[in-house]
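S.K.: Every letter in the sequence shown is one number past the one before it in this note's numbering, and letter 97, counting from 1, is 108. This is the structure, below, for whatever I ask next.
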Amino acid sequence: MLAVIAVAAALTIIVTGHSGRGVRALIYRDGVLVRTMDLARAACVDAGGMRIETKDGKVRMRSSDCVHRYCERAGWIDAPHEQIVCVPNRILIAVDGGENRCDAVSR
């Protein structure tokens, strides 16, 4: 049983092309891309009451002026398609893998 699970996991990684880490953070406000941050460079930027930090190939919401600060509690993210959302500030941070691959093909 364990061997079947291991093979299934390996095939999933191979088929989906999961490369492990993203190359940039995409920052959206109200659904509009407002900034792109290179995850290879350490940086900390202000974004209207929030500070977004990149370091060692990862990104996080370092601080936020929202009430519950769930976005801060999300911690560091680095895998493609991972996201941090701050609903009160209408901010979405998404990690992009840098590849422009299609998800599916329909015939």
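Ideal Cβ positions, reconstructed from N, Cα and C, are used throughout, including at glycine.
1) For Gly109, which residues of its own chain have a beta-carbon under 6 Å away from its beta-carbon, when the five flanking residues on both sides are left out?
2) Determine the direct distance from the alpha carbon of Ile88 to that of Arg73, and round the result to whole angstroms.
3) So Ile104 and Val70 are supposed to be a Cβ contact under 8 Å. How far apart are they, rounded?
4) Three-state secondary structure (DSSP) at Arg84?
5) Which residue comes first and which comes last in the beta strand (DSSP E) that contains Ala54?
6) Around the C-beta of Ser117, are 16 or more other C-beta atoms found within 10 angstroms, so that it is buried, or is it exposed?
7) Taking the alpha-carbon positions, what's the Ile102 to Asp67 distance?
8) Would you mind reading off the limits of the beta strand (DSSP E) that contains Val41?
M.R.: Straight from the coordinates:
1) Answer for Gly109: Val34, listed in chain order.
2) Arg73 and Ile88 have their C-alpha atoms roughly 12 Å apart.
3) Correct: roughly 6 Å between the Cβ atoms.
4) helix
5) 54 to 57
6) Flag for Ser117 reads exposed.
7) 22 Å
8) Note that residue 41 is Asp in the sequence shown, not Val. Careful: Asp41 lies outside any beta strand (DSSP E) and carries neither H nor E.
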